[in-house]
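> After the structure tokens below, expect a handful of questions from me.
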Amino acid sequence: MKIEVIDNFLPEKEFGGLQSYMMNSDCPWFYQEDGTLNHLFYSAKGQLPREDEEICAATAVILDPIMVKLGVVQPYKVEAYFKGGITNYNKDVKSVKEVGMVKDTYISGRSSINTNSNDKVAVLFVNTNDGYLEFEDGSKVPSVENTMVVFDYGIKYKTVETVDDSRRVAINFTYESQEFKVIKVKKD
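Residue numbers for the sequence shown, in our numbering: -11 to 176.
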């Protein structure tokens, strides 16, 4: 099981612009049944919420530097989530209700049985708080702003919410990656 943690993933200026947008009250968030707020940037045809069409938010352009750095050749789904005091939080004992492990189980146009070795999941933490990602092997990655966690598609994980902040914001990428190689052309 390979989990890569990259601190200071984006240059400060690029991350600052992204963080400002995501944490601003003008960023549109949509309520989900589990109490999570969601902001969908991109969903390939075959993905939820509308499996019959591709969805690409106008704001997806702010993710271009991330997509390039991750080596994304085919995004499947890119969405931000906002979790905080509104979901699974017991104020009386200041604790978070445990939620089970999950794995991203559907990739556009292919069943989870038919994935390829280049399919990845990446999570970019937008703000620092005491929440974290926990993986099936018990390893934990704390929510520290501008930290990217990249792991193979199919690895089980769970997000654990914050109790020291009003919100935990992260962006989840499900995609096919490819290492890009720089080719130098010699001019005559």
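Glycine included, C-beta positions come from ideal geometry on N, C-alpha and C.
In whole angstroms, what is the alpha-carbon distance linking His27 and Ala110?
Mapped onto the sequence shown, residue 27 falls at position 39. Mapped onto the sequence shown, residue 110 falls at position 122. Answer to the nearest angstrom: the Cα atoms are 16 Å apart.
> If Phe29 and Ala68 are in contact, beta carbons under 8 Å, what's the gap, nearest whole angstrom?
Start at 1 with the first residue of the sequence shown, and residue 29 comes out as number 41. Start at 1 with the first residue of the sequence shown, and residue 68 comes out as number 80. Correct: roughly 7 Å between the Cβ atoms.
> Is there contact here, the region 127 to 141 with the region -10 to 6, by at least three beta-carbon pairs under 8 Å?
Yes: the two stretches touch, three or more of their Cβ pairs being nearer than 8 Å.
> At what residues does the beta strand (DSSP E) containing Val151 begin and finish?
The residue labelled residue 151 in the question sits at position 163 within the sequence shown. Where Val151 is concerned, there is no enclosing beta strand (DSSP E), given that its DSSP letter is neither H nor E.
> Starting from the C-beta of Asp153, find all residues in its chain whose C-beta is less than 6 Å away, skip the five residues before and the five after it, and write them out in chain order.
Taking the first residue of the sequence shown as 1, we reach residue 153 at position 165. Cβ within range, chain order: Asn117.
> If we count the other Cβ atoms within 10 Å of its Cβ and call it buried at 16 or more, is Ser131 buried or exposed?
If you number the sequence shown from 1, residue 131 lands on position 143. With 16 or more other Cβ atoms within 10 Å, it is buried.
> Considering Tyr30, what are the terminal residues of the beta strand (DSSP E) in which it resides?
The count along the sequence shown starts at 1 and reaches residue 30 at position 42. Segment Leu25 to Ser31, the beta strand (DSSP E) holding Tyr30.
> Is the beta carbon of Leu164 less than 8 Å from the beta carbon of Val66?
Residue 164 sits at position 176 when you count from the first residue of the sequence shown. Residue 66 sits at position 78 when you count from the first residue of the sequence shown. One detail in the question is off: residue 164 reads as Glu in this sequence, not Leu. No, these two residues do not count as a Cβ contact at 8 Å.
> Please work out which residues of its chain come closer than 6 Å, Cβ to Cβ, to Gln20, disregarding the five sequence neighbours upstream and downstream, and give them in chain order.
As a working mapping, residue 20 is identified with position 32 in the sequence shown. Here the set comprises Asn26.
> Would you identify the three-state DSSP class for Gln20, choosing helix, strand or coil?
Against the sequence shown, residue 20 aligns to sequence position 32. Residue state, collapsed to three classes: coil.
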